[in-house]
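Sequences listed follow chains U and H, in order.
The first sequence: position 288 = 288 (UniProt numbering), numbered continuously.
The second sequence: position 45 = 45 (UniProt numbering), numbered continuously.
There are 2 protein chains.
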Amino acid sequence: MSATATTERVFNFSAGPAVLPVSVLQEVQDELLCLPGAGASVMELSHRGKVFIEIMEQAEASIRSLLGISDQYAVLFLQGGAALQFSMIPANLLRDSGKSAQYLLTGAWGKKAIGEAKKEGTVDTIYSAAESNFDRVPTSSDYQVKDDAAYLYYCSNETIQGVQFQSEPACPDNVPLISDASSDFLSRPLDIDKYGLIYACAQKNAGPAGVTVVIIRRDLLAKGCDKLPGYLLYRNHAENESMWNTPPTFPIYVLGKVAKWLTNDIGGLAAMESQNREKAKLLYDVIDKHAGFYLGHAQVDCRSTMNATFNLPSEDLLASFVAEASKNGLQNLKGHRSVGGIRASVYNAMPREGAQALASFMDDFAKKNG
Amino acid sequence: MSATATTERVFNFSAGPAVLPVSVLQEVQDELLCLPGAGASVMELSHRGKVFIEIMEQAEASIRSLLGISDQYAVLFLQGGAALQFSMIPANLLRDSGKSAQYLLTGAWGKKAIGEAKKEGTVDTIYSAAESNFDRVPTSSDYQVKDDAAYLYYCSNETIQGVQFQSEPACPDNVPLISDASSDFLSRPLDIDKYGLIYACAQKNAGPAGVTVVIIRRDLLAKGCDKLPGYLLYRNHAENESMWNTPPTFPIYVLGKVAKWLTNDIGGLAAMESQNREKAKLLYDVIDKHAGFYLGHAQVDCRSTMNATFNLPSEDLLASFVAEASKNGLQNLKGHRSVGGIRASVYNAMPREGAQALASFMDDFAKKNG
């Protein structure tokens, strides 16, 4: 690696695909042309060869260890992103079940998931934060789950709105709890035993785009119908240990390195959560300090540790904020095109210095323009 | 790149994921930590940012130029591999059409495609090479396509059996011709206007695993039903220029570099085909020279330029062939677990020296053991 290449790097607040640990990128770079002992790039290896099988097994073992996942659960590496999960979940667990699926709607991704679920069966949106423009998540008294529901679905962190469940929503014991954890996966410890299924596309906290991790309780694997398109049937992937067809080998390889980095360099998910809280606090503190200038979107107790969303008093100030930040090496801060404003994503791999640099810039900008 | 890393590389005859051009790997390595001008690794870039959009547009432009694809066709970059195409094709073009789909069955991949299509509607296997253990492809007199068929489907190169269509099968004008070109895509020029849809997972000739290129005639985009899972509807991807959801950014980036290599370094697909024919001839010539010792699987006029498949007189000789080849830096020659024998894959990026080294080894081995 050349010094130039390192120093060119900016602080990248992209919402996803997003920042990756530099040490992981360096390892990938070193091994890119020839993986030690393999005689070829990892991209050139058969997925059924010993070397790649070990890579995938190691990635799975690291994720199992980080989250404390028991053998009651299968861990799958799939393609198609969260968007395909929006369909696979109801196709496997709702279609022809005679039951209804219950959804908590707290943002843009939940809305898309509901749209796909409705194609497969009866869907009840038992909570919606639409009225308050998706600035909050529910408490347990805000909704009621049917005892015989097919499942209860929620999105643990809505990247576009920047709202996050601080813990799992209440759910009857016999109803499988399903979470889209795409944007906070591996950012904090979880009690996996609470879930029926939890999934995440990798490109926020866990790796590059192109691989989606699905953790599914094994009893749910029996539910999908054999007439489903084969790729959509969880059972096929579980029975073949994610080798039902060729898995996305390179994204899985990088994901495995990120999981190893979380284990060895960070010290596990509790340590990661503590760092993430600290980084988010740097940003929210400056938003609160300049309340009225920075208009935070989420209710304080629902704020995301991953994506801080806020607006500025005018479109002109917003444009100059983005432009000046960019000049200072603080990139990709524009909010999602559907909501505007600013979105600062401070995922696992965003170093504390990045969050600190942005917070200082925000403080200065508010003082100058407030 | 260190000299060590280069010299460690072996000749990799893997059937896929498979060998990539060294110059492409070197470029990827150089840019891995920081894409020039982007301030971040290509893996860290938002798919909706200017830099990545240009990468994807350039990849598409190169593929369009190499194959001469007119604007009558959409070029899509999808996930899920060929396996998901096995379902997407009949889900979009057969389901509820009142028509039947016609399949030419010449090997293992065609068989899987038929299995998925039967879930979606009426399927006629109008030709099967099963009786001769899939050693051939049909001539136009071997089958008859219904005039009102939903489509005619074939797999242009069956990797496991090593049989390849030398040109497109005859097909009535009004029936869309559909090809699984996964293992010979970009290995030779094609007349795209003959096709309704042609697709290929990238991990043979075109890039790493995790991206599938689908070239679809635009009139066929109207056919899928809105009730399909959103990811499965070609129209969604075409209307959003492969950004209906986050595309597999890194695999697309590498695919674009391979397409550029084919254009600039190789000189286009006619030149590539000529090199591929030459490489394959080296292997088939030695098989024919030692006929009786090497037992070629495919009929001579159906031999694949991509995958040479053959057996040896005994399991012992087979095992020592694989072991000795490996000692000589000739790797991944074992045939697919379903058929045994030897499979030597000599895709685009396999250098002539690799094919020559294998041919020499085969000649020596036959002389010593024949």
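Glycine included, C-beta positions come from ideal geometry on N, C-alpha and C.
In this model, isoleucine 215(U) and alanine 129(U) are separated by some 27 Å (Cα to Cα). Contact with chain U is absent for methionine 362(H), since none of that chain's Cβ atoms lies less than 8 Å from the residue's Cβ.
Chain-order list of chain U residues neighbouring valine 10(H): Gly39, Ala40, by C-beta distance under 8 Å. Contact note: glycine 121(U) does not reach chain H at a C-beta cutoff of 8 Å; the least C-beta distance is about 12 Å. Straight across, the Cα-Cα distance linking glutamate 158(H) with valine 24(H) is about 26 Å. Within its own chain, the residues whose Cβ lies closer than 6 Å to the Cβ of asparagine 205(U), once the five positions on either side in sequence are excluded, are Phe185, Leu186, Ser187, Tyr347, Asn348, listed in chain order. Taking a 10 Å sphere around the C-beta of glutamine 144(H), we find fewer than 16 other C-beta atoms and assign the residue as exposed.
Using a CB distance below 7 Å, the part of the stretch 321 to 337 of chain H facing chain U consists of Gln331, Asn332, ordered along the chain. Taking all protein chains shown into account, alanine 271(U) has fewer than 16 neighbouring C-beta atoms within 10 Å of its C-beta and is therefore exposed. Collapsing the DSSP output to three states places aspartate 124(H) in a strand.
With a threshold of 8 Å between beta carbons, glutamine 26(U) makes contact with chain H. With fewer than three CB-CB distances shorter than 8 Å, the stretch 50 to 57 of chain U does not count as touching the stretch 31 to 43 of chain H.
Between the alpha carbons of serine 140(U) and methionine 362(U) lies a distance of about 35 Å. By a beta-carbon distance limit of 8 Å, lysine 99(U) contacts alanine 150(U). Their separation comes to about 4 Å. Bridge partners of threonine 212(H) according to DSSP: Leu78(H), Cys201(H). For asparagine 311(H), the enclosing beta strand (DSSP E) begins and ends at 307 to 311. When the beta-carbon positions are compared, glycine 329(H) and leucine 66(H) stay at least 8 Å from each other. According to the DSSP assignment, serine 179(U) belongs to the beta strand (DSSP E) that extends over 177 to 180. Beta-bridge annotation (DSSP): phenylalanine 11(U) is paired with Leu330(U). DSSP, read as helix, strand or coil, puts valine 145(U) in coil. Interface annotation for the stretch 231 to 257 of chain H against chain U: Tyr231, Leu232, Trp244, Asn245, Thr246, Pro247, Pro248, Thr249, Phe250, Pro251, Val254, criterion Cβ-Cβ distance under 8 Å.
Around the C-beta of aspartate 71(U), fewer than 16 other C-beta atoms lie within 10 Å, and the residue is accordingly described as exposed. The three-state reading of DSSP puts tyrosine 284(U) in helix, counting H, G and I together. Closer than 8 Å to the CB of alanine 83(U) there is at least one CB belonging to chain H. Non-local C-beta neighbours of serine 62(H) in its own chain, meaning closer than 7 Å and more than five positions away in sequence, comprise Gly256, Ala259, Lys260, Thr263, ordered along the chain. In this structure, the CA atom of tyrosine 153(U) is about 14 Å from the CA atom of asparagine 92(U).
Considering only beta carbons, the part of the stretch 43 to 77 of chain H lying closer than 9 Å to chain U consists of Met43, Glu44, Leu45, Ser46, His47, Arg48, Gly49, Phe52, in chain order. Your pair leucine 318(U) and glycine 341(U) checks out as a contact, with CB atoms roughly 7 Å apart and the cut at 8 Å.
With a cutoff of 8 Å on beta-carbon distance, serine 182(U) and alanine 82(U) are scored as near each other. Counting the other Cβ atoms within 10 Å of the Cβ of glutamine 102(U) gives 16 or more, which makes it buried. Between glutamine 275(U) and valine 19(U), the alpha-carbon positions lie close to 15 Å from each other. Secondary structure at tyrosine 73(H): strand, using DSSP grouped into helix, strand and coil. Identification of residues in the stretch 340 to 356 of chain H having a C-beta nearer than 8 Å to some C-beta of chain U yields an empty set.
The shortest C-alpha to C-alpha distance from glycine 210(H) to any of Gln79(U), Ser167(U), Cys225(U), Arg64(U) is the one to Gln79(U).
For glycine 162(H), no chain U residue has a C-beta closer than 8 Å to its own C-beta; the minimum C-beta separation is roughly 16 Å. The residue among Ser360(U), Glu278(U), Ser326(U), Ala298(U) with its C-alpha nearest the C-alpha of valine 163(U) is Ala298(U).
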